[in-house]
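Shown next, in C-alpha coordinates, is the structure this report addresses.
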Amino acid sequence: MSEETYTYLNEIDSPEDLRRLNHSELKAVCSEVREFIID
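Here my numbering is used: the first residue of the sequence shown is 1291, the next is one more, and so on.
This is the structure:
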(Lines of atoms letter the chains of each structure in order from A and count residues from 1; the text may use other names and numbers.)
(Lines give C-alpha, C1' and ligand atoms only; values in the text may rest on other atoms or scores of the structure.)
Protein backbone atom coordinates (compact mmCIF):
# COMPACT_ATOMS: atom_id res chain seq x y z
CA MET A 1 0.00 0.00 0.00
CA SER A 2 1.41 3.38 -0.92
CA GLU A 3 1.65 6.36 1.40
CA GLU A 4 -1.18 8.13 -0.43
CA THR A 5 -3.60 5.51 0.89
CA TYR A 6 -2.81 6.37 4.51
CA THR A 7 -5.28 9.22 4.77
CA TYR A 8 -5.11 9.50 8.55
CA LEU A 9 -1.63 8.19 9.33
CA ASN A 10 -0.05 10.85 7.15
CA GLU A 11 -1.82 13.55 9.16
CA ILE A 12 -1.17 12.30 12.70
CA ASP A 13 1.81 13.93 14.39
CA SER A 14 0.86 13.77 18.06
CA PRO A 15 -1.57 12.18 20.53
CA GLU A 16 -3.62 15.38 20.34
CA ASP A 17 -4.32 14.65 16.67
CA LEU A 18 -5.82 11.30 17.68
CA ARG A 19 -7.95 12.90 20.40
CA ARG A 20 -9.63 15.11 17.81
CA LEU A 21 -10.90 12.16 15.78
CA ASN A 22 -14.38 10.75 16.17
CA HIS A 23 -15.14 7.05 16.65
CA SER A 24 -15.46 6.18 12.96
CA GLU A 25 -12.24 8.04 12.13
CA LEU A 26 -10.41 6.15 14.89
CA LYS A 27 -11.63 2.88 13.37
CA ALA A 28 -10.19 4.00 10.03
CA VAL A 29 -6.87 4.81 11.74
CA CYS A 30 -6.81 1.30 13.21
CA SER A 31 -7.36 -0.17 9.77
CA GLU A 32 -4.52 1.91 8.34
CA VAL A 33 -2.20 0.85 11.16
CA ARG A 34 -3.03 -2.82 10.51
CA GLU A 35 -2.33 -2.40 6.79
CA PHE A 36 0.93 -0.58 7.52
CA ILE A 37 2.14 -3.35 9.84
CA ILE A 38 1.20 -6.11 7.41
CA ASP A 39 2.86 -4.39 4.45
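For glycine and all other residues, C-beta sits at the position ideal for the given N, C-alpha and C.
For residue i, the three-state DSSP class (helix, strand or coil)
i, result
"D1303", "coil"
"T1297", "coil"
Enclosing alpha helix (DSSP H) for residue i [first to last residue]
i, result
"L1311", "From DSSP, L1311 is part of no alpha helix (DSSP H); its letter is neither H nor E."
Beta-carbon spacing of residue i, residue j below 8 Å
i, j, result
"L1311", "V1319", "yes"
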